[in-house]
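Numbering (my numbering), first residue to last: 57 to 589.
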Amino acid sequence: MKVGQFVNPGNGAFQVALNSEIYVDKTGLLEYTNKVMDTTAKFICNSRPRRFGKTITANMLTAYYCRSCDSERMFSGLEISKSPEFKKYLNAYDVIHLDIQWCMESAEGAEHVLSYISERTIAELREIYSRELPEEIRTLPEALSKIHMATGRKFVVIIDEWDVLIRDEAMNQKVQEEYINFLRGMFKGSLPTNYIQLAYLTGILPIKKVKTQSALNNFDEFTMLDASVLAPYVGFTEAEVLELCERYGRDFSQVKRWYDGYLLGDYQIYNPVVVVKLMTKGGRFKSYWSETGSYEVVVPLINQDFDGLKTAVLEMLAGTSVKVQVKFFQNDTVNFKNKDDVITYLIHLGYLGYNEQTQTAFVPNEEIRQELTVAVESTRWNEFFVFQRESAELLEATLEMDEEAVAEGIEKIHMEYASAIQYNNENSLSSVLTIAYLSAMQYYFKPIRELPNGRGFADFVFLPKPEYVQDYPALVVELKWNQNAQTALDQIRDKKYPTSIETYAGDILLVGINYDKKRKEHQCRIEPYIREK
Numbered sequence: 057m058k059v060g061q062f063v064n065p066g067n068g069a070f071q072v073a074l075n076s077e078i079y080v081d082k083t084g085l086l087e088y089t090n091k092v093m094d095t096t097a098k099f100i101c102n103s104r105p106r107r108f109g110k111t112i113t114a115n116m117l118t119a120y121y122c123r124s125c126d127s128e129r130m131f132s133g134l135e136i137s138k139s140p141e142f143k144k145y146l147n148a149y150d151v152i153h154l155d156i157q158w159c160m161e162s163a164e165g166a167e168h169v170l171s172y173i174s175e176r177t178i179a180e181l182r183e184i185y186s187r188e189l190p191e192e193i194r195t196l197p198e199a200l201s202k203i204h205m206a207t208g209r210k211f212v213v214i215i216d217e218w219d220v221l222i223r224d225e226a227m228n229q230k231v232q233e234e235y236i237n238f239l240r241g242m243f244k245g246s247l248p249t250n251y252i253q254l255a256y257l258t259g260i261l262p263i264k265k266v267k268t269q270s271a272l273n274n275f276d277e278f279t280m281l282d283a284s285v286l287a288p289y290v291g292f293t294e295a296e297v298l299e300l301c302e303r304y305g306r307d308f309s310q311v312k313r314w315y316d317g318y319l320l321g322d323y324q325i326y327n328p329v330v331v332v333k334l335m336t337k338g339g340r341f342k343s344y345w346s347e348t349g350s351y352e353v354v355v356p357l358i359n360q361d362f363d364g365l366k367t368a369v370l371e372m373l374a375g376t377s378v379k380v381q382v383k384f385f386q387n388d389t390v391n392f393k394n395k396d397d398v399i400t401y402l403i404h405l406g407y408l409g410y411n412e413q414t415q416t417a418f419v420p421n422e423e424i425r426q427e428l429t430v431a432v433e434s435t436r437w438n439e440f441f442v443f444q445r446e447s448a449e450l451l452e453a454t455l456e457m458d459e460e461a462v463a464e465g466i467e468k469i470h471m472e473y474a475s476a477i478q479y480n481n482e483n484s485l486s487s488v489l490t491i492a493y494l495s496a497m498q499y500y501f502k503p504i505r506e507l508p509n510g511r512g513f514a515d516f517v518f519l520p521k522p523e524y525v526q527d528y529p530a531l532v533v534e535l536k537w538n539q540n541a542q543t544a545l546d547q548i549r550d551k552k553y554p555t556s557i558e559t560y561a562g563d564i565l566l567v568g569i570n571y572d573k574k575r576k577e578h579q580c581r582i583e584p585y586i587r588e589k
């Protein structure tokens, strides 16, 4: 059978992935798609950030299902070949594979994409089904329906970068409405149910809540908010990265610190493109994010004038998590309603991670923290530069054990960055501390919250990065509310909080901080930790 551009494009694109130096087997995904074939769960939208293998996955599905090729040898030895139904679905269907990003460029403009797709795809279908498609057929859904009625055949439809028109043409209402109507015609209703064997859409955004339309709610969504059973196929799992580190001789603990952090169900997920670059390009730990895209997309987002947004960004940069309500985000990338919409979009873009259990957002790793820091520094936040200076001065005062300056610095940041509603609670004090020591992130790992030490939990532990061990002490911090700073310091010593980090070769400072709610004053006590002989 002739290989087409959109219809039955063959397995060549997936073969390129298999030819690569590193290929991590994700064909287990096919067991799921085989299971939902021709059921009510056959409409799938698997969204994820850029560089997370969307296109390779789409090419894998095409190579497996496309009937214009013989892919048995290609998949033999991979995970899917162990399935008892491996051959049942192998190369058994007409596949329509559309890459909307490529089509938009080839069509020479967003307003021509749908006509370009329909005309080219119908022309290719006519080469296979000339008798079944009369010349008057002009729409793709009608063409697929006609072929199905005449032959009984059903189609696997794969759309890569499905949401490009939603994101890149957000201001073009006409293009958006036409595109939504195209998708509704392709996938919604009784006729598409008849001619669709499987529909797999992938992009950055989920599909269900596009603008005000709810007509595509027949799709199951698998997202960075909830990847469900597809979580291990979104990126590289920790076990897969560990195996690669052993193969290439990389320090797994460093790889984890730099690139881990996307939490999907029970899986810690790594960005696959970054891991491959690290393994094959000399093993240099740095941010690879900017090599394949620009942080500039973040700048207008974090510049949105919503209460609490800037404070939330600062908290996350400082290593803490913030509560976020994700369910009301409507995939509207222009008219954000509040800070939760902005944070949710950043989660979908991959600039933030999400913990479904605690419903919190966070900066996932060192690579993304550096990218977000650059984005923040490039914004019009004049106060951010002042804050950076104040934070650096606070760290310096801590290292010099200047208790009065530390208390004054924390009090100033508490007054400026804690909202009136949250000012007088213990969670606010913890948030203030993480924000106050934001400058420490240049020299320290993100603070460990409630690290088990001795006979209890220290509130915060700051451990220096290896290259700064000789110059920066570890910090063990205890917070108190309406007590006194000496009590906090005594608790650190009495409960032997520093014992679990005694293997750390450098110095250790003990820091006790108290907030007096009645006086709205902070106190601080600092002393060096003396190891027992």
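For each residue, glycine too, the CB sits at the ideal point set by N, CA and C.
Quick caveat, the model's predicted, so the values are computed rather than measured.
By a C-beta neighbour count over all protein chains shown, 10 Å radius and 16 as the cutoff for buried, is residue i buried or exposed?
i, result
"Phe441", "exposed"
"Thr268", "Confidence in Thr268 is poor, its pLDDT being 49 and thus under 50, which makes the residue's placement unreliable; the coordinate value appears in the next sentence. Exposed, since its Cβ has fewer than 16 Cβ neighbours within 10 Å."
"Ser171", "exposed"
"Val311", "buried"
"Asn102", "buried"
"Ile548", "buried"
"Ile403", "buried"
"Glu433", "exposed"
"Arg425", "buried"
"Asp363", "exposed"
"Met205", "exposed"
"Ser309", "exposed"
"Phe99", "buried"
"Glu217", "buried"
"Tyr79", "exposed"
"Ser447", "buried"
"Pro356", "exposed"
"Val330", "buried"
Three-state secondary structure (DSSP) at residue i?
i, result
"Arg511", "Reliability fails at Arg511, whose pLDDT of 49 lies under 50, so the model's placement of it is uncertain and the value that follows must be treated cautiously. If DSSP states are grouped into helix, strand and coil, Arg511 belongs with coil."
"Arg601", "Nothing about residue 601 can be read from this structure; the chain reaches only from 57 to 589."
"Leu170", "helix"
"Gly66", "coil"
"Ala255", "strand"
"Ser495", "helix"
"Tyr560", "coil"
"Ala530", "strand"
"Trp218", "coil"
"Glu77", "coil"
"Gln360", "coil"
"Asn394", "coil"
"Tyr602", "Residue 602 is absent from the model: the chain starts at 57 and stops at 589."
"Ile569", "strand"
"Gln61", "coil"
"Leu535", "strand"
"Pro520", "strand"
Does the beta-carbon distance from residue i to residue j come in below 9 Å?
i, j, result
"Thr293", "Tyr326", "yes"
"Val213", "Tyr256", "yes"
"Ile623", "Glu87", "The requested residue 623 does not occur in the structure, where the chain is confined to residues 57 to 589."
"Ile203", "Arg104", "no"
"Val63", "Thr177", "yes"
"Glu467", "Glu534", "no"
"Arg107", "Gly409", "no"
"Tyr289", "Gly465", "no"
"Ile215", "Leu154", "yes"
"Pro529", "Phe516", "no"
"Phe211", "Ile263", "no"
"Arg223", "Thr389", "yes"
"Leu494", "Phe418", "no"
"Thr435", "Asn359", "yes"
"Asn228", "Glu167", "yes"
"Met280", "Arg303", "no"
"Asn147", "Tyr185", "no"
Next on the checklist: Check whether the segment 483–501 and the segment 370–379 are in contact - that is, three or more C-beta pairs closer than 8 Å.
Outcome noted: yes
Item to check | Sufficient close CB pairs (3 or more, under 8 Å) joining the segment 550–567 to the segment 575–582 | outcome: The answer is yes - the segment 575–582 touches the segment 550–567, with three or more Cβ pairs under 8 Å.
Item to check | Uninterrupted beta strand (DSSP E) stretches inside the segment 402–467 (no shorter than 3 residues) | outcome: 409–411 and 416–418
Item to check | Contact between the segment 233–240 and the segment 124–136 (3+ Cβ pairs under 8 Å) | outcome: As far as the Cβ criterion goes, the segment 233–240 does not touch the segment 124–136, which means the pair count is below three.
Checklist entry - Are the segment 83–98 and the segment 282–289 in contact at 8 Å, needing three or more beta carbon pairs? => result yes
Next on the checklist: Ignoring anything shorter than 4 residues, give me the alpha helix (DSSP H) runs that lie fully in the segment 95–171, in order along the chain.
Outcome noted: 110–121, 128–131, 142–145 and 156–162
Next on the checklist: Check whether the segment 374–383 and the segment 394–413 touch, using three or more Cβ-Cβ pairs below 8 Å as the test.
Outcome noted: The segment 374–383 makes contact with the segment 394–413, as at least three CB pairs between them are under 8 Å.
Checklist entry - Do the segment 239–253 and the segment 65–84 meet, that is, are 3 or more Cβ pairs less than 8 Å apart? => result no
Checklist entry - Okay, do the segment 115–130 and the segment 218–235 touch, 3+ Cβ pairs below 8 Å being the bar? => result In short, these stretches do not touch, since the Cβ pair count stays below three.
Checklist entry - Of all the beta strand (DSSP E) runs that stay within the bounds of the segment 285–335, which reach a length of 3 or more residues? => result 318–320 and 323–326
Checklist entry - Quick one: complete beta strand (DSSP E) runs, 3+ long, within the segment 173–250? => result Counting only runs of 3 or more, we get 211–216.
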